[in-house]
Structures are given as C-alpha cells and as structure tokens.
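Engineer:
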Amino acid sequence: MKAKRVRYIWIPLIIIMIVVPVGFYYVKWSESGAGAGLYSRLWKPEPIFSYWDPDNFYESVKTMTGVFKGKECVSCHAAVTPGIVNDWRKSRHSQAKKIVYCSDCHGHDHQNLHLPTPKICGGCHTTQHADFNDEKRFGFPSHALAMDRAQDAKHFVDKPKAEVTACLQCHSIATKCDSCHTRHQFSVAEARRPEACITCHSGPPHPDDETYFASKHGQIYLAEGDSWDWSKPLRKGNYKVPTCAYCHMNRGKHQVAEKSIWKFGLKQVNPLTSGNEVKREKWVKLCSDCHEPDWARQQLTKMDAERKRAWKKLYAAEGILKDLRSKGQLYPSAKQRPPYPTDSENSFFQMERIGFFEGQASAFYNVSPIERDYFNMWYFDNLGAYKGAAHGAAEFVRKGHAAMDSALENIRRNANVLRTLSEAEKKAGIKPEADAFWKQGEYTDYNRENN
Amino acid sequence: MKAKRVRYIWIPLIIIMIVVPVGFYYVKWSESGAGAGLYSRLWKPEPIFSYWDPDNFYESVKTMTGVFKGKECVSCHAAVTPGIVNDWRKSRHSQAKKIVYCSDCHGHDHQNLHLPTPKICGGCHTTQHADFNDEKRFGFPSHALAMDRAQDAKHFVDKPKAEVTACLQCHSIATKCDSCHTRHQFSVAEARRPEACITCHSGPPHPDDETYFASKHGQIYLAEGDSWDWSKPLRKGNYKVPTCAYCHMNRGKHQVAEKSIWKFGLKQVNPLTSGNEVKREKWVKLCSDCHEPDWARQQLTKMDAERKRAWKKLYAAEGILKDLRSKGQLYPSAKQRPPYPTDSENSFFQMERIGFFEGQASAFYNVSPIERDYFNMWYFDNLGAYKGAAHGAAEFVRKGHAAMDSALENIRRNANVLRTLSEAEKKAGIKPEADAFWKQGEYTDYNRENN
Amino acid sequence: MKAKRVRYIWIPLIIIMIVVPVGFYYVKWSESGAGAGLYSRLWKPEPIFSYWDPDNFYESVKTMTGVFKGKECVSCHAAVTPGIVNDWRKSRHSQAKKIVYCSDCHGHDHQNLHLPTPKICGGCHTTQHADFNDEKRFGFPSHALAMDRAQDAKHFVDKPKAEVTACLQCHSIATKCDSCHTRHQFSVAEARRPEACITCHSGPPHPDDETYFASKHGQIYLAEGDSWDWSKPLRKGNYKVPTCAYCHMNRGKHQVAEKSIWKFGLKQVNPLTSGNEVKREKWVKLCSDCHEPDWARQQLTKMDAERKRAWKKLYAAEGILKDLRSKGQLYPSAKQRPPYPTDSENSFFQMERIGFFEGQASAFYNVSPIERDYFNMWYFDNLGAYKGAAHGAAEFVRKGHAAMDSALENIRRNANVLRTLSEAEKKAGIKPEADAFWKQGEYTDYNRENN
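Line by line, the protein sequences are chains A, B and C.
Those letters in the first sequence? Residues 1291 to 1741, by this note's numbering.
Those letters in the second sequence? Residues 1291 to 1741, by this note's numbering.
Those letters in the third sequence? Residues 1291 to 1741, by this note's numbering.
Written out as structure tokens, the structure reads:
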C-alpha cells in the first residue's frame, strides 16, 4: 500500500513540472504585449499614452535634429516655449550650484529625447524615490502601483479605450513625478498644497477634494493658505492647518500607505487588530501636533462607528443579491450575458461576482441592473461617506448614508420584483431569454472590434 | 343651572392642578438626561460630544497634573503644540494690553481644564454674546438654538448615532464660538470671509456655499478677495462685494435672524405682511450700499415669484399625498410601519405626517417611498432653488425647479400605481401586509439596540 | 404643352409675392413686442429685465432730479455708494488722461440715466466691440447672440417666467459688458481670470467651471494664480497655465467662436473637414505655447474618440425613440399632450421631436418620460463628458459616460415596457387616453395664464 501511495505522488509532480514552466512562459508572453501586465497583449496603446507612460511608449519627436548642450536648449526654448523656461528659471534646478539643465533629464539628442520617469528623477532624489517604491509592499491602492494596476485591470481591456483613456491620466502618478511636482518648476511647495493632489483625488469614488475642502481644515486653508510660507517643511508649528500632504506625507515622506487603516473603504477591516492599533497611534501622534490626543482617538472611534454602520448596510445588500443568485433569480444571469474577454474563469464557470472578495471591482459593465445598483452603492455612496468621516466633512457622511439607505431600499424593492417574476415564470413554465441587448454585450463586442 | 355649571368648573381646574406639576416634573426629569431637551433621556452621549458640547460633556484630560499660570501654559505648549501657540501669538488676545492667556479661558488646573463656551467668551465680548442670544426670540432655524434643537430633535433619537453624530459637528455653532472664529487666533477677519460660514452652510439642504460662489459676488471674492483688507468693519465702501457676513451680520451684528423673510424656505410665508415689508426695507437699504434701491426691490420680487412657483409645485405634491392618505392608499401605511420611539402621539393615533405643519421635518426615515420622494423634493430640491434665488445663482434656480418638476412627475406617476394597486386589491379582497423590511423598521430597531 | 407649363409658373410666383411681404410684416409685427425676437409679442418683460437688457427695458430712476457733471456724480456717490466709487478710482477710466466719468457712460440728467450697453462701451473700445459682433457669423451658441436667442427661444415663452428669468441673468452677456468686466473697475485683469467666466459657465449643461478646475491647469491656477501678474497680456510666456480667456480669447481677441470645432457638443460633427483641420491647427499652435505640438494633436484625437463614442450611444437612444414613434408607441404621444403655444408647425402636424435636428432643444417640457430621459442624456450627461474631454478633466469623462450608459440602459428597458403595453392594448382593443396631467399641460397652461 505504501509503495502504491508513493507512486501516486508522481501525478501532481508531473503536473507541477508542466504547469510551472508553462505559467512562466505565459506571463512572459503576456508581458511582451504593450505596457505592463498579464492582459497587456489584449490591447494596443493609444498615441496619448506616450505621455502618460513614457517609459513604455514615448517616442521622441523627429522634426528637429541636432545634439545640444543644456544652455543651448534653454536659449532656443526661451523663444519657442518661454513659459516652461520661465518655470525652470524659478526652480531649484536652475538655481542649484550644479545647474540641472533640460538635457540632464531629457537627453541631448533632439531626435532621441525622453520624458523623465521616476527612475530618472530618482537618480538624484534617491530618498523620495525609495519611499515611493517602498509603498508597493502595502499593495493596491498605491501610487507606485497605480499604472500597472490600471493598464492591467480587467476593465481596462473590457472597456472602450475612448473611456478608459481618461483613467490613465491619473494613474500615471506611478510613471511620472510631474503629477504632483508639475513641470518645469517641480516645486516642493506646490506639492505641499492640496491642489497638487486633487486633480486626481476628486469625484464620486474618492471625494478627497470635496471632503477636505468641506472640512474646517480645508476652509481655513482656502481663506488663508495663500499667505503661508510654503517653503517650510511639513512639521508641527509650520502650518495653521494640515493639507493632504501634511497628514499623508508628513515630513515629506513619499509613502502614503503605512498609516492607512481603512484604505479607500473598499472592504471591511477590523480596525482594532494590533497592526491597526499601531497605525492608529501614528495618527493620534500626528493629530496631536495641534489637538488633544483624546480628541484624535475619538475622531477615529467615530470613523470606525461610521464604517461599521456602512458595512451593515452593504452586507444587507450583498445578502439580498447572494440570495437571489442562489435561487437563480438574477436577470439577466451571468449565463445570459457575454463573458468578459479576460475573465477566463468565467468562460468555464459562469457566476455573478458579488462583493469585493469575489472580484466585483472589475464588474463595471455587463451586469444586471440590481448588481449595478449595488456596485454604485458600494463604490460611490459608501466611499463618499467614508471620505467624509475620514476628513471631518460631516455633510458627506449624512449624504453618503442617505444615498446608501435609498439604494438599499431600491435593492430590496427590486429584489422582490425579481422574485415575483421568477416564481411566476416557474409556474407558467416560461424560461426567460435575455434581451438581445444583453447577449450582444455592448462593451464586450465593441471592444473586440476596437481595442 | 348656573350653580351646576359652576360646579363643572372644578373638573378642568383639577385636571390643570394635576397636569401642570406633572408636566414640570416630566420636563425636569427629561432634562436630567444627557444634554438638553425633552428627549435627552433616550440617548447617551458619544465621547466626541465632549468637544462639540463642552459645557455638558467635556471632561478634562487627567494625564497632566499641576496648576499653571498663563505664561507657563505658553512656554510649555510652544514645544508640545507650537501651531496653536503661533496662532495665539498672532491673535489680539496675546497683543492686548491685558494679555488673555490660555488659562483665562481654559482654567489653571491642568486636571480640571474646560473648553470655552459662548458664556465664557461672552464674559469679555458682551455685545456679541447678547446679540447671539437675542436670536433665540426668532425661533429655529437659529445659531443660538442649533444644538438644543439638534440634540432634542426626534430624528436625533430615532436615527443611529453613527450618522447623527455628523449633524452635531455643525450644530455645535450654539455651544462654542470657534465654529467661526477658529482657535487659537479667534480672528474677526476670518469670520468676515465666507469660508468661515460654509463649513456648515453647504450641501443639499442649504447650499449657501455653492450658491454664493456661483454668484457674481462669490466669483469676484474668489478672484480678488485675497488682496482685500479684512481688518475693516463690514460697512459700505470697505469691500468690493459682500460676503455672507456682510449681508447677514452687517456691521458685525451677531444676530442673523432679524432680516430673514423666507428663512430656509421650509414653509410658505406671505412675503408682503407688514412685518416682512419692514424686513424687506432693511434688505433694500443694505443692497443700496452698492446697487440702485429699485434693483434690490426687483431682486426680492423675483425671489418671491420663484418661491410662489415652488410652493405651487410643492402643494400639488402634498395634495396628491393627502388624497392617497384619505383613501388609505399609501403603502406601507403608518399602521404598517414601526412608530418612532419618541413620537408619543403616533403610538396612540397612527397617521402619516405630510407637509411641514404636520411635522414631516422629522420624517426622514421609516416612511413609504412616495412620502420620501416628497420629502426629498421639499427638503433638497426646493431649498436649493430658494438659495439659488436668494444668492443670485441663476443656475441653481433652474436646476432646483427642473428637479422639482421631475419629482412631481414621479409622484404623480407613482400615485397612479398606488391607486391602481389599491383598487385591484379591494376588488380581489386582498388585505396587504407590509413587508418584513417595514415591520422591522431599520432605523428604529437598530436604535433601540444601540442608542 | 410648353405654353401650359409656363402658365403654371404663375402659381408659385403669386404665392411668393403674397408670402414674402406677409412674412416681413409678421416679423416686424412680432418685433414690436417686448425685447427682441419673433416670439417677443407673446410675453411681457419682468421689471428685473431692465438691468439685464437695459437697451430694451431700462427706465431711469426718477427719485433724483438735476443735471450733473462727472465730478459732481463722483462727489455725491462717494458718500451714497462709496464702494462703486472706490472701484472706479482703481479703474483705468479714472486714471486716464481724459478721465471717463460716470456721466460719460450713464448720461448727465439724473431723471434720464441709462445703463451702458455694448454699443456705448464700443464707442471707445472699438476693436473689442467689433470682435464681439463678428462672432455672430458663427451662429449660436455665441456671446453676441445669447440674449436674442434666449428671449426668442420657444421655451422662454413656453416656460413660467419665474423660472426662465434665471436664464436671462447669464444670457445678458450679449447686452452688457459687465458680465465679465464687472462694474465699476471694468478690469482687464479680472476678465483674464477664470472666475470672470464661470458665473455663467458652470452647472450640468456646460460644466466649464467644474472641468477646468478639475484639470491640472485649473489646480495650478488655484494654488498659485494669486501671485501672478494679471496685467500682462494673454501671450506665451506670461502665464504658467492657461485660463479660459488664454485659450478662448488669446491675445485678448473678443471672439470665442472661430476655433470652435465641437462647439457645445450639441450635435455630431465631422472633426476632420478641411474647415475643422484649419481650426485644429489653430489649437495645436496655441497649445504649443507650452506643449509639444504632437501632444496637442493627440489630445484632440482623444477628444474626437470620446465624441465618437458618445454619439454612438446617443444615436442608439435616438434610434430606440424613433422606432417607438414610428409604431405609435410613445406615451403620451404628441397628440395626447398640449402643443407649445409657439410651435405653430406642431399645432397643424403633431409629432414628437427627437434629436437635435428636429428641434428637441426646445423640448424641455411637456414630453413623455422616455423623451425626457433622452433629453437629459443628451443635454447633461453628454455635454458634461464633452467638457471633461475638452478641458482635460478625466473624471468628468468617466462620469459622463457612466451616466450615458445608465441612461441608455434605462431607455432600453423603458422602451420594452412601452412596446409590451402598446401590444397588450392593441390585443385588448384598448385605446389609451392621456392622463389629465398631460392634457392640462403643466407649463403651457400656467404660462397662458401668467406670461
């Protein structure tokens, strides 16, 4: 018997010996596509990507020939594009002992210029670049992973490029430093101000913009911020109120993940794990730059209470959806709608993905109405309420919870309709067919043709 | 006969003699709860309330012992919390002949500190404090009554604390002066700028923020306000455009109610009563600081026309709801849903409250969908249109009325559905049961457990 | 035969000879109404219009008598309305060699004052006024035509004055220069800043405000703009980032139409006509003040792709509606609802107007729900996505397309309901009557009484 068992061990071993090299080959083959990520072979880049992911896609303009020294760049561009030369003149680059010229970042050969990537900037700014990369170990959401995760996301491939192109504009935070330190001053002072962050951090899924400015901190900044000395480092006593960077990048640390407890509010966490208690103390210490430590603790407690309440509502909605799924009452069901081209699991085993852990994050499209309602409740209303609680914007908490209540009520009502319909059909012996609309799969088909 | 009648007079007299003392006792007993108000015994305060209603709830930190003089507070806190000391140094408190030290407002004993309440500030700032209190005679909405009315509101008790906590953050305007004059500069200049007001006065039910900044006044402030001299009093000739305080607290009067005609737009008023004509002339006089008096009069006429139109729509919706109620066609009806724990009248006589005068203001929750639709139409769309008209933000008038039209259309359509259903049920002899969802009463039950 | 044919030519000739003079007479008779435009006889002006369309409606205040010299105006108004005198003192008008006094624009006789119109300002500012008028040849939307087109629009007559009054506040850009150069500084610097534009250019149909400030350009302006020298002309090298005026009124040209390709996004255009290629090159040249020309080209390509995608969705919705119309399945149909009082064509031949080219722009009201849904999809969601793409506000593209997807899904679903209902009614021999609500025609009736 023992001998026989030993012989069986060869089966998994052989499987592993085949699967592992094939897996490696598959990943390598995928990455030979455009940009980064497993799905990159399924799409081709738009010309505009050359500016958002310059390392992968930028091609130098060819209209100008010649190899130039830094001073020559400046003297010509002072006439061609005086604005950017003005900026550079105001920058520390131009005022440093060893002047940093255009050519130090872009190259000398005008036929073969490049756009600076974090790696290039990191050549001098080593600490910042190291901090920035260090963020990766905390996983997504993360500045450093933003581009890979966007380009590689299922919905990037599944959605029409005309729409997802907009996403990459912000996600390029990972591939170029001038998202925050805009060209060509690359100012530290600029990045200390909230405006540097909120070009991206605004709008329904992450209203950091709206909630910060709705807070007392934000309003004091708006009224008085212009008169503050932004050359000062982000330390206690230097600023009347905190900005985004003061709290999330205190003392200029280019790593925003290490204090994050609830992250974007995308899933429920236990805010009282020992790990989170450590983070909590970091927050209390930071808030104590101005407030009583107890004040800070109570603000965090209040936020946890808000989160617990939000997830009570979200789980109620998830429960309704999962109950419908278990009885086959979602319409159109996963089998009645086109699979995502990239969701290989789904092409074998079609199932509605409900909730964060089943991967609903990718299910922006081709879902049934009630699933979409839950997606909106979770991704927009919930995240808005969270940011309201986190940034001290009371009105956003109220608004977010009112929207969640309304969404939950709708989901309950529509679930009843689906149940009634399904039972009526069962009795009448009707087997519902999905509409042509669903079978065609608006997004999927379009993308098959266009991506 | 006469003698007999005299004898009957004892019945009401005896009732009064019993009821009045019981009433007084009831109020006293209620108030022995947490905070102020009749319903305060039904809830217990959250720790964070200690900062928002310090007079009732603040307990001093105990981690630090000792009795200190003002100068000692400063010298230590310059290191511990330098930001707030910086602020104080810029304040008039630190530059006055008789310096106002930390301890003058917070006390000397570090084991027994307090947070300043309006009463404490009013010790020196007597005029402002008197003005502020004077507002109470105009009733709610009012800064001075904001905290009592929020803590005491039925929906404060009925709603989950995790949500209403957010409300108190703004309503603390009544219990601490630093809602507008933020610590520790307590600057007059700050409170003259709109940012001081809009941390609270923004968002759907009172978009003062959005409508002011959408007006020409607001835009000129945004473009140029930073260069104005905010140390000047709020009088004609000192500011290019008015801010919130210029119009509502002209010459620094800490009383915002005395010119108010439509208040928040919560109910229809007759804008042409003799009382309102007096208020109107106050506005015309104020606007005439810059505009032709006739211009001001026509703006007010335009606002009245907008209000009349709005109430035409709102009453149309109320009429539909009251008609449904009279025929027992609201579903779920008041009898089919859980009563609010605080609504004692409703526990004896269950009736849907429709419109402002029946107390719909408290009916945020546990109402039927069509009642909620009307609540939203009245409380959000209507109030937004009003603020648009009042602040000269044309786009908000358009948007608010478009939303009201849409809401009215929905209510009409849904009322038809309810009528049809009700009649069909009557014919078929069906007596509808409310869903379990309604019987459980999401908010009510949760609060019974958690408040 | 030939002779006979010749005789027939008299029929159209006679018709023309009658119709043309009648037409001229009709237009003349119409214009003898209030304000400008064919429909002006159908309404009477509100008093407030006197300030928004002063040329047509302003009547001088009569409370003050006397004929004054400029200096006298100033000396008196320095006490009565010091704010506006302060403004004037800061203006170039007061500092010019030949001082421009109040009376130069308003007249000398206080019983017979006037408000300055573009024609009066154009007396000195001839280039700007000529540019401004030149815009008319590009048709609507246009600053110079804004007032005529609003006052003359069908929905201005059809809608309650209490609501459309709000529209005129912005459309008065055509009839007075202080929409951008506010009184009484009339500052060039002011008009170079975005705040000058966004009092009007904000809100759902044209979120220029929101999309500019959501862009990197806008955020850099917000953070740093206060420190720039706004006295400099709008030319390359003078500003770190462009404002509205920099791109749309470059070098101060008071004509915003000549570079416009997609205009407001109201209809699909071919962006690659030779005419549009010329405009495109103007944009590329402008963007090249700071960016690589190729960057500019790709941004425009990206915008075209977004537009193409948007119109794919809009045409899909239009197709559904036209299909319903062809089968008589729209409910209530045009025949079941009241005609617009101004739509003479519709009173003879009642037809639902679907899409831009059939004049749906006027169909704000009295339409069936599914038509209104399409109107909102087209006028709000679509235009928002466009402005997002045009101004580099990625989040608005995402949001606009998500809203369009959702609207299209709704339209599809509701179209199915309408089809099912219509077929069921046909089988059952039911001929549907429109609700009283529809027959009464909320807007139309109200206006008949009130306009």
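Where is the CB? At the ideal position from N, CA and C, for every residue including glycine.
Just so we're clear, the structure is a prediction, and the values are computed from it rather than from any experiment.
In this structure, how does DSSP classify B:Ile1421 when only helix, strand and coil are distinguished?
Structural biologist: A small correction: the amino acid at residue 1421 of chain B is Asp; Ile does not occupy that position in the sequence shown. In the structure shown, B:Asp1421 sits in a helix (DSSP, three-state: H, G or I).
Engineer: Contact criterion: CB-CB distance below 9 Å. Does A:Tyr1536 meet it with respect to chain C?
Structural biologist: Answer no: the Cβ-Cβ gap between A:Tyr1536 and chain C never drops below 9 Å.
Engineer: To be precise: take each residue of the segment 1676-1697 of chain B, compare its Cβ to all Cβ atoms of chain F, and keep it if any distance is under 7 Å. Which residues remain?
Structural biologist: Given the protein chain composition of this structure (A, B and C), no chain F is represented.
Engineer: Can you tell me whether A:Val1559 is helix, strand or coil according to DSSP?
Structural biologist: Here A:Val1559 sits in coil by DSSP.
Engineer: List the DSSP bridge partners of C:Asp1438.
Structural biologist: Answer is none; C:Asp1438 lacks a bridge partner.
Engineer: Put B:Asp1399 into one of helix, strand or coil per three-state DSSP.
Structural biologist: Residue state, collapsed to three classes: strand.
Engineer: Is the shortest distance between the beta-carbon of B:Val1364 and the beta-carbons of chain A less than 9 Å?
Structural biologist: False, the Cβ-Cβ gap to chain A never drops below 9 Å.
Engineer: Under DSSP, the alpha helix (DSSP H) around B:Leu1458 begins and ends at which residues?
Structural biologist: B:Leu1458 -> alpha helix (DSSP H) spans 1451-1461.
Engineer: Under 8 Å by Cβ, that's how I've got A:Asn1540 and C:Gly1527 pegged, so tell me the actual separation to the nearest angstrom.
Structural biologist: Not a contact, Cβ separation roughly 37 Å.
Engineer: My assumption, with CB atoms under 8 Å, is that C:Thr1465 sits in contact with C:Pro1344. Please give the rounded CB distance.
Structural biologist: About 7 Å separates the two Cβ atoms, so the contact holds.
Engineer: Beta-carbon of C:Val1351 versus every beta-carbon of chain B: anything under 9 Å?
Structural biologist: Output row for C:Val1351: interface = yes.
Engineer: Using a Cβ-Cβ cut-off of less than 7 Å, give me the residues of the segment 1506-1517 of chain B that come near chain C, in sequence order.
Structural biologist: Answer set for the segment 1506-1517 of chain B: Lys1506, Gln1509, Ile1510, Leu1512, Ala1513, Asp1516.
Engineer: Can you name the residues that DSSP bridges to C:Val1390?
Structural biologist: Bridge partners of C:Val1390: none, in fact.
Engineer: Indicate whether at least one CB of chain C lies closer than 9 Å to the CB of A:Asp1377.
Structural biologist: Answer yes: the Cβ-Cβ gap between A:Asp1377 and chain C drops below 9 Å somewhere.
Engineer: Name the DSSP bridge partner or partners of A:Val1531?
Structural biologist: None, per the DSSP bridge assignment.
Engineer: With DSSP run on the structure shown, which of helix, strand or coil describes B:Val1357?
Structural biologist: Strand at B:Val1357.
Engineer: Going along the segment 1427-1456 of chain B in order, which residues come within less than 8 Å of chain A, judged by CB to CB distance?
Structural biologist: Those residues of the segment 1427-1456 of chain B that come within reach of chain A (Cβ to Cβ, closer than 8 Å) are Pro1450, Lys1451, Ala1452, Glu1453, Thr1455, Ala1456.
Engineer: For the putative contact between A:Arg1709 and A:Gln1619, defined by C-beta atoms under 8 Å, what is the C-beta separation to the nearest angstrom?
Structural biologist: Yes, A:Arg1709 and A:Gln1619 are in contact; Cβ-Cβ is about 6 Å, under 8 Å.
Engineer: Cutting at 7 Å between CB atoms, please list the residues of its own chain near A:Leu1590, excluding the five before and the five after it.
Structural biologist: Same-chain partners within the cutoff: Arg1570, Trp1573.
Engineer: So, do the segment 1660-1680 of chain A and the segment 1487-1496 of chain A have three or more beta carbon pairs nearer to each other than 8 Å?
Structural biologist: The segment 1660-1680 of chain A is in contact with the segment 1487-1496 of chain A.
Engineer: Strictly under 9 Å for the Cβ-Cβ distance: is B:Cys1460 near chain A by that measure?
Structural biologist: By this cut-off, B:Cys1460 is an interface position.
Engineer: Please check the pair A:Cys1392 and A:Gly1360, which I expect to be a contact at CB under 8 Å, by giving their CB distance rounded to whole angstroms.
Structural biologist: About 6 Å; that satisfies the 8 Å criterion.
Engineer: Is the segment 1541-1554 of chain C close to the segment 1505-1514 of chain C, with three or more CB pairs under 8 Å?
Structural biologist: Output reads no: the segment 1505-1514 of chain C does not touch the segment 1541-1554 of chain C.
Engineer: Closer than 9 Å, CB to CB, is A:Ala1607 near chain B or not?
Structural biologist: Chain B contact via Cβ: absent.
Engineer: Alpha carbon to alpha carbon, what distance is there between B:Val1531 and C:Pro1722?
Structural biologist: Distance between the alpha carbons of C:Pro1722 and B:Val1531 is about 57 Å.
Engineer: Given that A:Pro1622 touches chain C, what residues does it touch there, using C-beta distances under 8 Å?
Structural biologist: Correct list: empty, because the minimum Cβ distance to chain C is about 12 Å.
Engineer: Residues of chain A with a CB under 9 Å from the CB of C:Thr1591: which are they?
Structural biologist: Those within 9 Å of C:Thr1591 in chain A are Glu1336, Pro1337, Ile1338.
Engineer: Taking C:Arg1382 as the query, report the chain B residues whose CB atoms sit under 9 Å from its CB, ordered along the chain.
Structural biologist: None at all; the shortest Cβ gap to chain B is about 16 Å.
Engineer: Have a look at C:Asn1560 and C:Arg1297 and give me their C-alpha separation to the nearest angstrom.
Structural biologist: Approximately 45 Å, taken between the alpha carbons.
Engineer: Does any residue of chain A bring its CB to less than 9 Å from the CB of B:Ala1486?
Structural biologist: Yes, B:Ala1486 lies at the interface with chain A (some Cβ there is under 9 Å from its Cβ).
Engineer: Going by the beta-carbon positions, is the gap between A:Ala1456 and C:Val1364 smaller than 9 Å?
Structural biologist: No, the Cβ-Cβ distance between A:Ala1456 and C:Val1364 is not below 9 Å.
Engineer: Taking the straight line between their C-alpha atoms, what separation do you get for A:Ala1705 and A:Lys1617?
Structural biologist: When rounded, the distance between both Cα atoms is 12 Å.
Engineer: At a CB-CB cut-off below 8 Å, which residues of chain A make contact with C:Arg1599?
Structural biologist: Within 8 Å Cβ-Cβ: Pro1450, Ala1452, Glu1453.
Engineer: Taking Cβ-Cβ distances below 9 Å as the criterion, which residues of the segment 1562-1590 of chain C are in contact with chain A?
Structural biologist: Answer in chain order: Ser1578, Asp1579, Cys1580, His1581, Glu1582, Pro1583, Asp1584, Trp1585, Arg1587, Gln1588, Gln1589.
Engineer: In whole angstroms, what separates the C-alpha of C:Val1309 from that of C:Ser1330?
Structural biologist: The straight-line gap from Cα to Cα measures roughly 21 Å.
Engineer: Leaving aside the five residues before and after A:Cys1460 along the sequence, list all residues of the same chain whose C-beta is less than 6 Å from its C-beta, in chain order.
Structural biologist: Hits under 6 Å: Cys1490.
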